[in-house]
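Remarks on the structure that follows.
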């Protein structure tokens with residue numbers, strides 16, 4: 018591990034690390050597990066992707082408050098049988114992402130276990146006092162936005178599990194979205210600094226689950242429009258050519274890869290979900306910080322979260338996570 | 018988990034926690050694993066002890082820098098078969114210790130795993146800028162001190178493994194030292210604030226290992242005097258009455274419970290090891306912050322770490338950890 022970055026007084030090697038917070042900023046603390054067979058599979062995910070994803074999850078939590086990530090503490094429990102090269106590539110993937118976000122990996126603990134790699138990443142970020150954006154700030158009439166595309170990571174996982182190499186540029190994009198997700202820290206910071214958003218969170222478990230959480234925290238309901246959801250073209254393309262295996266497998270793949278289901282329930286996109294007052298919404302550009310913004314719905318009074326289908330029919334939106342590893346075991 | 022304490026803006030429930038650092042203080046970041054069958058055994062350690070110990074390890078790291086612990090992030094991976102009451106008592110033990118040290122548990126992640134409980138505790142502390150005490154500040158001529166007694170926790174573990182209830186007050190003290198170790202945060206803070214110490218660390222893996230680490234970091238050697246080591250009376254008492262089992266077992270128990278070996282190599286005492294300049298040493302009281310201080314040796318030039326036996330013979334002190342669980346698997 019390396020220790021770089023401003024504000025670092027003492028890195029790895031003593032009883033603890035020392036860092037200097039910036040005056041008049043408050044600290045953001047977040048922690049994320051990455052556990053073998055729960056969050057990744059040794060046979061599916063390359064080690065640098067495991068390192069990247071482990072850190073990305075925590076960086077996305079900092080983005081979800083509108084903050085700037087500063088320092089990371091990485092704890093790793095591995096078995097002695099794991100090759101050194103795996104650990105080296107794991108850290109390689111993590112350090113590359115840390116560098117890009119100006120984050121210093123300042124410490125951590127290591128332990129040897131019989132099996133099952135466990136990684137816990139704590140990221141400390143900061144933000145100007147009083148500027149953090151919470152889940153609880155949305156009011157009826159606020160407009161709902163998401164950044165980037167939805168369902169790409171879930172599609173990438175399906176491609177990875179199929180064992181097929183993606184043949185198209187869009188298939189490769191889905192695979193990259195799953196293996197190397199990009200936390201939206203710049204956008205999160207912008208939304209907090211500009212005071213544009215009333216509520217902000219990241220979409221880690223899928224839009225349907227995370228929107229329900231935002232609504233619960235804010236004490237509001239919401240309507241999403243099917244026709245407004247940014248179902249990436251990649252999803253549509255991939256769905257149109259399911260893997261050719263047994264008819265049973267084929268049917269299942271087609272059923273699972275329904276683009277709307279992926280967009281609503283596919284997790285791990287690490288895009289941002291936020292609300293803005295109606296009069297501000299009209300002034301929002303089509304993209305911010307290099308990320309496309311999509312207007313997908315509106316905050317309602319009450320507590321019902323609903324989906325307006327393309328047909329105009331309004332139905333309840335039941336929170337449902339994509340069946341990634343968290344649900345497997 | 019609860020969230021209390023000054024400086025806490027937003028606790029558990031959003032994407033991340035928000036805390037306010039105090040002006041002109043730097044932050045101390047530390048992380049410690051507590052893993053089933055590595056750091057504790059489900060059949061030996063009561064759940065509140067597991068919670069206490071998991072947090073105590075990280076608090077001791079903050080004490081080892083001379084800092085004040087402020088916030089904790091606790092990540093817990095457990096199996097679904099673990100009874101709820103275990104988790105409740107685990108948090109109970111942790112929260113009681115946190116309260117006593119004014120530490121707020123502000124967040125964390127949870128995950129379900131097939132087996133083997135894993136806990137990762139990150140503690141954020143703070144200290145006046147430039148006042149943190151490192152391992153690297155010792156110079157030849159500095160006097161070496163340890164707080165409290167040595168080997169008590171290792172003896173407590175032996176008692177726990179024997180399955181016998183301790184019959185004496187001192188046996189109970191050893192058991193308590195193992196199950197509910199007390200991090201020396203007040204003493205650590207005093208040493209840093211008063212600028213008395215030149216180097217400071219905690220004794221987590223045993224005096225022989227940790228003194229070797231301090232010497233390596235400072236580029237110095239050291240001599241310890243056997244006759245000065247605070248071998249607690251409890252150790253001597255317990256050793257004089259080994260458990261009565263098979264002769265083979267009895268012999269092994271007697272060999273393992275040599276008081277000097279326990280004091281030198283017994284881990285998890287979480288006492289402080291520190292050095293002070295010679296002229297200051299004479300002025301140190303016999304106890305500070307309610308903890309007895311023991312003058313045990315001197316820092317030497319070179320890099321040899323030696324033990325002066327009661328006979329006057331000087332021999333090399335080889336770092337050796339007590340065979341706690343870390344070595345078992």
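Chains as they are written, first to last, in my numbering: chain H, 18 to 346; chain P, 18 to 346. For glycine and all other residues, C-beta sits at the position ideal for the given N, C-alpha and C. Only a predicted model underlies this, so the values are computations on that prediction, with no experimental measurement involved.
Can you list the residues of chain H that residue i reaches, using a CB-CB cut of under 7 Å?
i: residue 155(P); result: Ordered by position in chain H, no residue passes the 7 Å Cβ test against residue 155(P), which lies about 13 Å from the chain.
i: residue 391(P); result: Shown here, chain P extends from 18 to 346; a query on residue 391(P) therefore has no answer.
i: residue 128(P); result: 50, 52 and 55
i: residue 40(P); result: 40
Between residue i and chain H, is any beta-carbon pair separated by less than 9 Å?
i: residue 50(P); result: yes
i: residue 210(P); result: no
i: residue 81(P); result: yes
i: residue 88(P); result: yes
i: residue 144(P); result: yes
i: residue 70(P); result: no
i: residue 308(P); result: no
i: residue 91(P); result: yes
At 8 Å on the CB atoms, spell out the chain H contacts of residue i, in chain order.
i: residue 141(P); result: 44, 46 and 141
i: residue 78(P); result: 32 and 33
i: residue 123(P); result: 46
Taking only the alpha-carbon atoms, compute the straight-line gap between residue i and residue j and give it to the nearest angstrom.
i: residue 264(H); j: residue 274(H); result: Reliability of the predicted coordinates at residue 264(H) is poor, the pLDDT of 45 falling under 50, and the value obtained from them is presented with this limitation in mind. Cα to Cα, residue 264(H) sits roughly 15 Å from residue 274(H).
i: residue 248(P); j: residue 168(P); result: 7 Å
i: residue 195(P); j: residue 298(P); result: 30 Å
i: residue 114(P); j: residue 287(P); result: 14 Å
i: residue 28(H); j: residue 295(H); result: 46 Å
i: residue 58(P); j: residue 54(H); result: 24 Å
i: residue 268(H); j: residue 120(P); result: For residue 268(H), the pLDDT reaches just 39, beneath the cut-off of 50, and the residue's location in the model is therefore unreliable, although a value from the coordinates is still provided. One C-alpha to the other measures close to 54 Å.
i: residue 79(H); j: residue 166(P); result: 43 Å
i: residue 291(P); j: residue 307(H); result: 53 Å
i: residue 157(P); j: residue 321(P); result: 12 Å
i: residue 20(H); j: residue 46(P); result: Note that residue 20(H) has pLDDT 43, beneath the 50 cutoff, so the model's placement of it is unreliable and the number below is only indicative. Each residue's Cα considered, the two are about 13 Å apart.
i: residue 211(H); j: residue 151(H); result: 15 Å
i: residue 266(P); j: residue 94(H); result: Here the model assigns residue 266(P) a pLDDT of 45, short of 50, so the residue's position is not dependable and the matter cannot be decided.
i: residue 204(P); j: residue 310(P); result: 10 Å
i: residue 149(P); j: residue 81(P); result: 9 Å
In the DSSP assignment, what residue or residues form a beta bridge with residue i?
i: residue 297(P); result: Paired residue(s): none; residue 297(P) is not in a bridge.
i: residue 332(H); result: 324(H)
i: residue 95(P); result: 129(P)
i: residue 109(H); result: Residue 109(H) pairs with nothing; no bridge assigned.
i: residue 53(H); result: 57(H)
i: residue 240(P); result: 315(P) and 323(P)
i: residue 142(H); result: 45(H) and 86(H)
i: residue 164(P); result: 310(P)
i: residue 34(H); result: 46(P)
i: residue 201(P); result: According to DSSP, residue 201(P) bridges with nothing at all.
i: residue 135(H); result: 52(H) and 94(H)
i: residue 29(H); result: 31(H)
i: residue 124(P); result: 90(P)
i: residue 2(H); result: Any question about residue 2(H) goes unanswered here, given that chain H covers just 18 to 346.
i: residue 305(P); result: 308(P)
Say whether chain P places a C-beta atom closer than 9 Å to the C-beta of residue i.
i: residue 36(H); result: yes
i: residue 218(H); result: yes
i: residue 131(H); result: yes
i: residue 84(H); result: yes
i: residue 263(H); result: Here the model assigns residue 263(H) a pLDDT of 45, short of 50, so the residue's position is not dependable, and the following value carries that caveat. For residue 263(H), the answer is no, since every Cβ of chain P falls outside 9 Å of its Cβ.
i: residue 186(H); result: no
i: residue 152(H); result: yes
i: residue 234(H); result: yes
Which residues in chain P have a C-beta closer than 8 Å to the C-beta of residue i? List them in chain order.
i: residue 26(H); result: 43 and 149
i: residue 165(H); result: Near residue 165(H) there are no residues of chain P at all, since even the closest Cβ is about 17 Å away, more than 8 Å.
Taking all protein chains shown into account, do 16 or more other C-beta atoms lie within 10 angstroms of the C-beta of residue i, making it buried, or fewer, making it exposed?
i: residue 36(P); result: buried
i: residue 206(P); result: buried
i: residue 40(H); result: exposed
i: residue 66(P); result: buried
i: residue 329(P); result: exposed
i: residue 333(P); result: exposed
i: residue 33(H); result: buried
i: residue 272(H); result: Model confidence at residue 272(H) stands at a pLDDT of 40, short of 50, so the residue's coordinates are unreliable; what they give is reported in the following sentence. That one is exposed.
i: residue 139(P); result: buried
i: residue 178(P); result: exposed
i: residue 319(H); result: exposed
Along chain P, which residues have their Cβ under 7 Å away from the Cβ of residue i?
i: residue 135(H); result: 94 and 135
Taking residue i as the query, report the chain P residues whose CB atoms sit under 9 Å from its CB, ordered along the chain.
i: residue 239(H); result: Result: empty, since nearest Cβ-Cβ is about 18 Å, beyond 9 Å.
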